[in-house]
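Residue numbers (the numbering used here): 8 to 141. We put the beta carbon where it would ideally sit given N, CA and C, even for glycine. Here is the structure we will look at.
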Amino acid sequence: LIPVQLLWVNLVTDGLPATALGFNPADHEIMRRPPRNSREPFVGKWLFFRYMVVGTYVGAATVFAYAWWFMFYSEGPQISFEQLTNFHKCSDLFPEIGCEMFTNIMASRATTMSLSVLVTIEMFNATNSLSENE
């Protein structure tokens, strides 16, 4: 994705879910619980595991959407996985396909597909920010 698309995802698409989460009811038991131990890390093992799982499926889905457009979409070029993974050697290994597909409107459409998947997942991912206790 290009930098402008990443900024769009971070600034604009996270704004609506963050606003909605701001109107959620308060966690009623928050002040009755003892404070967190100062020696306990901010990101514990369970939270780190959650971050890794979420990051893995978001990354995999975004890359899969890009590859899906090139390999399987009926209006895409329908190239093989080997051709897609060796796109930088396109002219040497695969002279039968046009290497310009990786830099022209086709690449832009594949990038748009992966951006759409990323934005959709980010919208659903906002529910992970709800209270774990209520």
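CB residue i to CB residue j, shorter than 7 Å?
i    : j    : result
L91  : F77  : yes
I128 : A68  : yes
Y73  : A117 : yes
P32  : A133 : no
L20  : V126 : Reading the sequence as shown, one finds Thr at residue 20 and not Leu. Yes. Within cutoff.
F88  : F109 : no
L100 : Q12  : no
For the alpha helix (DSSP H) that contains residue i, what are its first and last residues?
i    : result
A133 : No alpha helix (DSSP H) contains A133, which DSSP labels as neither H nor E.
V19  : Segment: none, V19 is in no alpha helix (DSSP H) and carries neither H nor E.
My parser needs the alpha helix (DSSP H) runs of 4 or more residues fully inside the segment 30-101; what are they? 52-78, 88-92, 97-100
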